[in-house]
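I have placed the structure first, in the form of structure tokens, so that the comments after it can refer back to it.
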Amino acid sequence: MYTFKTIQWGIQKTYNTKYGKDFPSMEELTANSVFVLTNSEPLIDFARPTLHKVVDIGGIGIREPHKLNTKNMMKIERRTRKDISDDPRLTAFVTHGGMGSIQEATARGVPLLVIPLFADQSRNAQIIQKYGMGQMLAKTQLADKHTLIKKLHDVVHNKKTRENARRIAKMLAKRPFSSRDKLIKHIEFACKFGELPQLNPVGRQLNFVQYYLIDIILIFVVVASVLLTTLIYVSMLLLRFFNSKKIKTPSEEIAHWKMAKRSINNYWLNRKRMLNLENDSLERPSLPKRRYAGPEDEELANQSDEYAFD
50 MYTFKTIQWG IQKTYNTKYG KDFPSMEELT ANSVFVLTNS EPLIDFARPT
100 LHKVVDIGGI GIREPHKLNT KNMMKIERRT RKDISDDPRL TAFVTHGGMG
150 SIQEATARGV PLLVIPLFAD QSRNAQIIQK YGMGQMLAKT QLADKHTLIK
200 KLHDVVHNKK TRENARRIAK MLAKRPFSSR DKLIKHIEFA CKFGELPQLN
250 PVGRQLNFVQ YYLIDIILIF VVVASVLLTT LIYVSMLLLR FFNSKKIKTP
300 SEEIAHWKMA KRSINNYWLN RKRMLNLEND SLERPSLPKR RYAGPEDEEL
350 ANQSDEYAFD
């Protein structure tokens with residue numbers, strides 16, 4: 050269902066003038082109604098989420114066809130669009146894409162060339178093109194005769210297009226419930242039971258934040274941000290720790306062991322002085338010999354003997 054704001058404002062202004070400013074808005078009237086009847090047919094529309102209170106009665110205004118004259122050229126006072134679309138000699142129907150024209154042509158299995166002008170007509174044209182019942186021609190392409198001829202030729206001579214149009218017509222004719230039956234049954238039901246709060250969606254009572262789950266999304270965003278920040282911080286600490294424990298080169302290892310040797314020698318010299326020992330009777334510990342498994346210089350490898358103490 051399409052609601053044009055400019056039309057809606059005009060209707061609302063008329064109601065407010067006649068019944069006062071306290072008259073409910075169009076949105077409120079629609080939301081509180083028992084059923085909402087729409088001029089839509091699911092078989093020739095895009096699939097979409099809907100409510101149980103929305104009743105599609107598209108095509109309810111289609112009348113039984115009236116036979117036309119058999120001549121190609123006729124002088125008549127007036128013939129309705131419906132009578133023309135029902136004529137079996139009609140091979141294609143060029144229309145601006147209004148929902149009435151779409152429903153009448155599809156009900157009779159007539160291929161369509163849709164030239165949308167405004168409002169919902171572009172959407173209707175895309176429906177026809179999606180289900181292979183015709184072609185869509187932009188109004189800006191009307192001056193291009195080659196494109197116009199190509200589109201019209203495809204609508205008239207494409208066998209697949211005509212088969213799709215006829216298949217949709219058969220589906221519409223074999224619907225489990227006609228638009229007329231649905232209208233009558235739902236109106237009778239509404240008159241008998243009145244308002245049906247069971248069909249009102251709870252989303253009408255939610256504010257913007259609740260309806261679009263913004264509060265829930267914010268919680269997930271905050272938790273994810275905290276986890277990501279913690280992960281980055283821990284990763285930086287680990288990188289800093291491992292960088293401080295980098296592997297020493299052979300030269301650095303030799304310098305380390307030499308320093309250790311001097312420290313031990315100084316320790317025993319100081320202990321000897323403290324004990325007044327003339328001879329070094331205490332056995333000094335020795336550092337183990339350490340050799341490299343990697344490819345080091347021969348000079349550095351030979352110096353590994355200095356790791357041990359005499």
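The numbering of the sequence shown is this note's numbering, which starts it at 50 and goes up by one.
Here a beta-carbon is modelled for each residue, glycine too, at the ideal position from N, C-alpha and C.
If you're wondering where the values come from, they're calculated on a predicted model, not measured in any experiment.
Of PHE84, TYR260 and HIS145, the smallest CA-CA separation from LYS234 is found for PHE84. According to the DSSP assignment, ASP105 belongs to the beta strand (DSSP E) that extends over 103 to 105.
Take MET75, set aside five residues on each side of it, and the residues of its chain with a beta-carbon closer than 8 Å to its own are THR52, GLN57, ILE60 and GLN61, in chain order. DSSP, reduced to helix, strand and coil, places PHE257 within a helical segment of the structure shown. Assignment of LEU100 by DSSP, reduced to helix, strand and coil, places it in the coil class. By the criterion of a C-beta distance shorter than 8 Å, ARG215 is surrounded in its chain by GLY158, once the five residues flanking it on both sides are discounted.
Judged by DSSP secondary structure, LEU221 falls within the alpha helix (DSSP H) whose first and last residues are 208 to 222. Residue environment: THR66 is assigned as exposed (fewer than 16 neighbouring CB atoms within 10 Å of its CB, all protein chains considered). Taking 8 Å as the cut-off, the beta carbon of VAL163 is found closer than this to the beta carbon of GLY146. Shortest Cα-Cα distance from THR189 to any of GLN178, PRO165 and ARG311 involves PRO165. Less than 8 Å divides the Cβ of GLN184 from the Cβ of VAL204. Under DSSP, the beta-bridge partners assigned to THR87 are ASP105. Checking the DSSP bridge columns, you'll see GLY183 partnered with LEU161. C-alpha of TYR64 to C-alpha of LEU78: approximately 12 Å in a straight line. Inclusion of LEU221 and ALA156 in the CB contact set at 8 Å is warranted, their separation being smaller than that value. Collapsing the DSSP output to three states places PHE142 in a strand. In the three-state reduction of the DSSP assignment, SER74 falls in the coil class, being assigned neither a helical nor a strand state. Distance check between GLN152 and each of ALA239, ASN81 and ILE111 places ILE111 closest, using alpha-carbon atoms only. ARG229: member of the alpha helix (DSSP H) spanning 228 to 242, first to last residue. Under the three-state reduction of DSSP output, GLU113 falls in the coil class, being neither helix nor strand.
Judged by beta-carbon spacing, MET182 lies within the 8 Å limit of THR210, meaning their Cβ atoms are closer than that value. Sequence-distant partners of VAL258 (beyond 5 residues in either direction) whose C-beta falls short of 7 Å from its own C-beta, in its chain, are ASP264. Straight across, the Cα-Cα distance linking GLN254 with TYR282 is about 43 Å. Sixteen is the threshold: when 16 or more other Cβ atoms of the shown chains lie within 10 Å of the Cβ of GLN170, as they do, the residue is buried.
Closest option to ASP105, judged by alpha-carbon separation, among SER89, ALA273, VAL272 and ASP94: SER89. The Cβ atoms of TYR180 and ASN213 lie closer than 8 Å to each other. A distance below 6 Å between beta-carbons, with the five flanking residues on each side excluded, links PRO160 to the following residues of its chain, in chain order: ALA141, GLY183, VAL204, THR210, ARG211 and ALA214.
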